[in-house]
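Colleague: So for the sequence shown, this note's numbering puts the first residue at 116; every next one is plus one.
Before I ask anything, here is the structure I am working with.
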Amino acid sequence: MAAAWTMILIILLGGVFDLFLTIPIVALYISFIKRLISYYKVTKQLNAALKKRV
């Protein structure tokens with residue numbers, strides 16, 4: 116019975132640990148997407164400004 120409880124505890128701790136590892140990865144992914152969107156907007160504005168100048 117003790118072995119079963121140990122296995123359950125290990126599985127739960129593994130799940131919690133996996134969650135803690137997943138959160139920063141998702142945060143980095145969201146940050147990367149935001150940076151891509153802002154880069155796209157700036158590039159679009161720059162192209163529009165260059166077209167007006169020419």
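Glycine included, every Cβ here is placed at the ideal spot set by N, Cα and C.
1) Out of curiosity, what's the CA-to-CA distance linking TRP120 and ASP133?
2) Suppose you measure from the CA of LEU128 to the CA of LEU136; what does that come to, to the nearest Å?
3) For the alpha helix (DSSP H) holding VAL157, just list the boundary residues, first then last.
Modeller: Taking the geometry as given:
1) Looking up residue 120 in the sequence shown gives position 5. Looking up residue 133 in the sequence shown gives position 18. Between TRP120 and ASP133, the C-alpha separation is close to 20 Å.
2) The count along the sequence shown starts at 1 and reaches residue 128 at position 13. The count along the sequence shown starts at 1 and reaches residue 136 at position 21. The alpha-carbon atoms of LEU128 and LEU136 are separated by roughly 12 Å.
3) Stepping through the sequence shown from its first residue, residue 157 is reached at position 42. Unbroken alpha helix (DSSP H) run through VAL157: 117-168.
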